[in-house]
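Asks:
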Amino acid sequence: MRQLCPLALTLLLGTTCPAVFAQTDSLSARQLQEVTVNAFESKTNPLTTTASVAVLNARTLGRFSPTTWVNAVSSVPGVRMEERSPGSYRFSVRGSLMRSPFGVRNVKFYWNGIPFTDASGNTPLNSVDYDAIQGMEIIKGPGSSIYGAGTGGVVLLQSYPNNAFQNRVEQSVSFGKYGFQSRNSLIQVGDISIQYGHSEQDGYRNHSGMSRDAIRFTSSSRIGEKGTLSLLGMYSDLYYQTPGGINLAQYRADPKQARPSTATVPGSEAQRAAIYTKLAMLGGNYTLQLSDSWTQSNALYLTYTDFANPFISNYEKRDENGIGGRNIWQNQAEFGNVKTKWTTGFEWQYGKSAQRNYDNLSGIPGEQQTVEDIRTTNLSVFSQLEAVLFTDMTLSAGVSYNTFKYKYERFFELPYAKEQRNFDGIFIPRFAANKVIAGNWSVTASYSGGFSPPTLQEVRPSAGGFRRDLNAERGVNTEVGLRRTGKRITGEVSLYHFALKESIVRRTNEAGSEYFINAGKTRQNGLEWTVSYDLLSNPELPVSLRLWNNGTWTRYTFENFQQAETDLSGKFLPGIPRFTQTSGLDILLKYGISAFLTYQSADAMYLNDANTIKNTSNNQWIARVSWKRSWGRHFYSELSASAEKVNAGIYSMGYDLNAFGNRYFNSAPKDNLWAGLKIGWEWQKNAR
Numbered sequence: 024m025r026q027l028c029p030l031a032l033t034l035l036l037g038t039t040c041p042a043v044f045a046q047t048d049s050l051s052a053r054q055l056q057e058v059t060v061n062a063f064e065s066k067t068n069p070l071t072t073t074a075s076v077a078v079l080n081a082r083t084l085g086r087f088s089p090t091t092w093v094n095a096v097s098s099v100p101g102v103r104m105e106e107r108s109p110g111s112y113r114f115s116v117r118g119s120l121m122r123s124p125f126g127v128r129n130v131k132f133y134w135n136g137i138p139f140t141d142a143s144g145n146t147p148l149n150s151v152d153y154d155a156i157q158g159m160e161i162i163k164g165p166g167s168s169i170y171g172a173g174t175g176g177v178v179l180l181q182s183y184p185n186n187a188f189q190n191r192v193e194q195s196v197s198f199g200k201y202g203f204q205s206r207n208s209l210i211q212v213g214d215i216s217i218q219y220g221h222s223e224q225d226g227y228r229n230h231s232g233m234s235r236d237a238i239r240f241t242s243s244s245r246i247g248e249k250g251t252l253s254l255l256g257m258y259s260d261l262y263y264q265t266p267g268g269i270n271l272a273q274y275r276a277d278p279k280q281a282r283p284s285t286a287t288v289p290g291s292e293a294q295r296a297a298i299y300t301k302l303a304m305l306g307g308n309y310t311l312q313l314s315d316s317w318t319q320s321n322a323l324y325l326t327y328t329d330f331a332n333p334f335i336s337n338y339e340k341r342d343e344n345g346i347g348g349r350n351i352w353q354n355q356a357e358f359g360n361v362k363t364k365w366t367t368g369f370e371w372q373y374g375k376s377a378q379r380n381y382d383n384l385s386g387i388p389g390e391q392q393t394v395e396d397i398r399t400t401n402l403s404v405f406s407q408l409e410a411v412l413f414t415d416m417t418l419s420a421g422v423s424y425n426t427f428k429y430k431y432e433r434f435f436e437l438p439y440a441k442e443q444r445n446f447d448g449i450f451i452p453r454f455a456a457n458k459v460i461a462g463n464w465s466v467t468a469s470y471s472g473g474f475s476p477p478t479l480q481e482v483r484p485s486a487g488g489f490r491r492d493l494n495a496e497r498g499v500n501t502e503v504g505l506r507r508t509g510k511r512i513t514g515e516v517s518l519y520h521f522a523l524k525e526s527i528v529r530r531t532n533e534a535g536s537e538y539f540i541n542a543g544k545t546r547q548n549g550l551e552w553t554v555s556y557d558l559l560s561n562p563e564l565p566v567s568l569r570l571w572n573n574g575t576w577t578r579y580t581f582e583n584f585q586q587a588e589t590d591l592s593g594k595f596l597p598g599i600p601r602f603t604q605t606s607g608l609d610i611l612l613k614y615g616i617s618a619f620l621t622y623q624s625a626d627a628m629y630l631n632d633a634n635t636i637k638n639t640s641n642n643q644w645i646a647r648v649s650w651k652r653s654w655g656r657h658f659y660s661e662l663s664a665s666a667e668k669v670n671a672g673i674y675s676m677g678y679d680l681n682a683f684g685n686r687y688f689n690s691a692p693k694d695n696l697w698a699g700l701k702i703g704w705e706w707q708k709n710a711r
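Residue numbering for the sequence shown is 24 to 711, as defined by this note's numbering.
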């Protein structure tokens, strides 16, 4: 019944995300602003988009604790965000997590239209301060027809002023359990915004402390009558300790312990295992309205990363430089009852990574092990035609041509070696259709391909060397969906089938060093739904109530998968619960008071390919209350408190899949508390 009830609710149909009403000091302004979906450069509304998209705006993010994106992102059907220890993020869309022992892989990120995923496929999401992002648009399923490499999905991040004609200064502070504290400062003058954030915590486990300082600059200015220049700058200094995975006996003895030392291998604390990363990024996006029908945009970026990782088996040091850009031409035309939008362009990225490995002498580099350089180049050329027929039928067809290249040089240990791996001439198509019925219903169907070459950390794993035998993943996704929008009941249900070839999975040796192999085929079937109902929405009432439910059911299995002498075909993919759901109640009261109650649950899941080890199911309750108040024309404040409670036999916010020695578990706290205060002063700017 626990699974059937949310499925029955889908007959009502719900929202694509648990949106939150706009709120002032009273309930006079309750109506949602119109949501625009930018996926596949379409700039349409949720009802008519041909993609499966979730939009997380500032109101949605604000219903959870303002310290992390994990709970907000994980409330989206088919999407899961993990934080194995503070600062160690992983981001999964429809099962892409099995390739992510750490970091964010196989999901392409853009920030204000600028590529944020680097040339080798890694995304430094943990370097970004929480308050630097005001919105996310998550495209579920392959987006390679227009966004290049990736089979998991695409995430469009947005940072923008709430009001381009508003000036303000703002300061916020937060405190929580386990030594958590954060400070955030913001200065906005019109369309120029500078934000600085600091966060730190001791962590729940031993050796799991974290500290991050990040500054972000954004602006959007008119250049002439038809041009707009958006700039993005960021610098981040991140440090976090890595406690490492533990086995079940160690978890039961003391879930807070870090990975202990053995007779032959030192533990995380003894080796002072940690991540030190400094990231600098500068990017710009220039859009020019050439005519009534033609628009051109050009995005360019530069990045520099200083990375160090004292680990169990070695001390890894990387210096990385990246450059890239994206060019888009778009034409809009109208032929009788047919409106067309043609989008074409290319994306090019280049990265160089100078990698050095040393013996790890308790957090200090010792004798040199390796000296290697890797250069990565990728190019994606794409074209897409979208046509709207008779105002209610949208057809979309797109294709991309992709090349990907690694150049590897080993300078130490001798002898010198030079190798190259090319992934060339890959065509990726996408076809989609959307039909609006009776004004507020729509049916969507799509067929899309995706490809994902191994990332830099997969072709050159932590132990060093070059794995030129790894092949790129190739996948095809077929999907149908039904949507409804309305004043009280809105939502969506989607059914998809994703077939993946040359699946890349992780393996580890006794020292914990990782390597990757291609693991045959997978068959991934899923059902996703959302349902939302406005119980009370009349602005004249003293209270507003919204009830919503999101959920996912999956059946992901290996196909033709051989591990040594064992045939694992038909086994379930690890790290993916069969059933997850999130339910919530949003309460808005007079005088700026709001309360958000959320219940999340997930089935047990397998932790290894052989399906011999499982975690336990978990149930999580989340609550947040806030009081927003304007004190006259200029001064405003917000006081908030958040709490979480988890019921689970084994609870981890991220598991080490297929871990050597059964060290699967990264235990997480089963209760947490935060409190925060925000104050600000705003004044009006003269409109242009």
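Glycine included, each C-beta is placed from N, C-alpha and C at the ideal position.
Who does glycine 158 pair with in a DSSP beta bridge?
Replies: According to DSSP, glycine 158 bridges with Gln181.
Asks: Hey, how far is the Cα of tryptophan 464 from the Cα of histidine 520?
Replies: Each residue's Cα considered, the two are about 23 Å apart.
Asks: Closer than 6 Å by C-beta to lysine 441: which residues in its own chain qualify, once you throw out the five before and the five after it? Chain order, please.
Replies: Correct list, in chain order: Glu432.
Asks: As a quick exercise: from Ile137, Asn135, Ser143, pick the residue whose alpha carbon is nearest that of methionine 129.
Replies: Checking the displayed sequence, the identity of residue 129 turns out to be asparagine instead of methionine. Minimum Cα distance to asparagine 129 is reached at Ser143.
Asks: For glutamine 54, does the count of other Cβ atoms within 10 angstroms reach 16, so buried, or fall short, so exposed?
Replies: For glutamine 54, the pLDDT reaches just 39, beneath the cut-off of 50, and the residue's location in the model is therefore unreliable, although a value from the coordinates is still provided. Classification for glutamine 54: exposed.
Asks: Following the continuous beta strand (DSSP E) through arginine 86, name the residue where it begins and the one where it ends.
Replies: From DSSP, arginine 86 is part of no beta strand (DSSP E); its letter is neither H nor E.
Asks: From Tyr678, Leu680, Tyr674, Ala682, pick the residue whose C-alpha is nearest to that of lysine 693; which is it?
Replies: For lysine 693, the nearest C-alpha among the options comes from Tyr674.
Asks: Glycine 371 and glycine 347: beta carbons closer than 8 Å?
Replies: The residue you asked about is not glycine; residue 371 is tryptophan in the sequence shown. Yes. Within cutoff.
Asks: Can you tell me where the alpha helix (DSSP H) with tyrosine 274 in it begins and where it stops?
Replies: Segment 271 to 276, the alpha helix (DSSP H) holding tyrosine 274.
Asks: Within 7 Å: the Cβ of serine 314 and any heavy atom of the ligand MG?
Replies: In the structure on display, the ligand MG does not appear, and there are no ligands present to speak of.
Asks: Rounded to whole angstroms, what is the Cα-Cα separation between proline 100 and asparagine 695?
Replies: About 24 Å.
Asks: What is the rounded straight-line gap between the Cα of glutamine 707 and the Cα of leucine 418?
Replies: Taking the straight line from one Cα to the other gives about 44 Å.
Asks: In chain order, which beta strand (DSSP E) runs of at least 3 residues are fully inside the segment 620 to 705?
Replies: Within the segment 620 to 705, the complete beta strand (DSSP E) runs of at least 3 residues are 641 to 654, 658 to 671.
Asks: Taking only the alpha-carbon atoms, compute the straight-line gap between glutamate 705 and alanine 81 and give it to the nearest angstrom.
Replies: Approximately 19 Å between the Cα atoms of the pair.
Asks: Can you tell me which of the three DSSP states asparagine 94 falls into?
Replies: Correct three-state label for asparagine 94: helix.
Asks: So the candidates are Ser314, Ser471, Thr241, Val116; which of them puts its Cα closest to the Cα of glutamate 248?
Replies: For the residues Ser314, Ser471, Thr241, Val116, the minimum Cα distance to glutamate 248 belongs to Ser314.
Asks: Note the first and the last residue of the continuous alpha helix (DSSP H) segment covering serine 168.
Replies: 167 to 170 is the span of the alpha helix (DSSP H), which, as asked, contains serine 168.
Asks: Rounded to the nearest angstrom, what separates lysine 668 and serine 150 at their Cα positions?
Replies: Taking the straight line joining both Cα atoms gives about 27 Å.
Asks: Expressed to the nearest angstrom, what Euclidean distance is found between the alpha-carbon atoms of threonine 414 and tryptophan 365?
Replies: When rounded, the distance between both Cα atoms is 17 Å.
Asks: So, at 6 Å on beta carbons, what are the nonlocal neighbours of tyrosine 219 in its own chain, with the 5 sequence-adjacent residues on each side left out?
Replies: Around tyrosine 219: Ser208, Ile238.
Asks: Taking DSSP as the reference, what is the three-state secondary structure of glutamate 370?
Replies: Of the three classes helix, strand and coil, the one that applies to glutamate 370 here is strand, per DSSP.
Asks: Give every residue of the same chain whose Cβ lies closer than 8 Å to the Cβ of asparagine 583, excluding the five residues on either side of it in the sequence, and list them in chain order.
Replies: Answer for asparagine 583: Gly543, Lys544, Ser592, listed in chain order.
Asks: On the criterion of 16 or more Cβ atoms from any shown chain inside 10 Å, does isoleucine 397 qualify as buried, or is it exposed?
Replies: Isoleucine 397 should be labelled buried.
Asks: For the beta strand (DSSP E) that leucine 570 lies in, which residues bound it at each end?
Replies: Unbroken beta strand (DSSP E) run through leucine 570: 566 to 582.
Asks: Taking only the alpha-carbon atoms, compute the straight-line gap between glutamine 273 and threonine 400 and give it to the nearest angstrom.
Replies: Going by the C-alpha atoms only, they are around 44 Å apart.
Asks: Go ahead and label aspartate 154 buried or exposed: buried means 16 or more other beta carbons lie within 10 angstroms of its beta carbon, across all protein chains shown.
Replies: The residue is buried, with at least 16 neighbouring Cβ atoms inside 10 Å.
Asks: Where does histidine 230 land, buried or exposed, given buried means 16+ other C-beta within 10 angstroms?
Replies: By the neighbour-count rule (16 or more Cβ atoms within 10 Å), histidine 230 is buried.
Asks: What is the DSSP secondary structure of arginine 295, reduced to helix, strand or coil?
Replies: Arginine 295 falls in the coil class under three-state DSSP.
Asks: Pick out whichever of Asn135, Gln378, Thr605, Tyr258 has its Cα sitting closest to the Cα of lysine 340.
Replies: Considering only alpha carbons, the answer is Gln378.
Asks: Roughly how many angstroms lie between the CA atoms of arginine 507 and proline 69, to the nearest whole one?
Replies: Roughly 9 Å separates the two Cα atoms.
Asks: Quick one: grab the DSSP three-state call for glutamine 480.
Replies: DSSP places glutamine 480 in helix when its eight states are reduced to three.
Asks: According to DSSP, simplified to helix, strand and coil, what is serine 150?
Replies: Here serine 150 sits in helix by DSSP.
Asks: Pull the bridge partners of glutamate 193 from the DSSP assignment, please.
Replies: Leu209, Gly703, per the DSSP bridge assignment.
Asks: Using CA coordinates, which residue listed in Ala682, Asn94, Tyr299, Asn573 is at the minimum distance from proline 597?
Replies: For proline 597, the nearest C-alpha among the options comes from Ala682.
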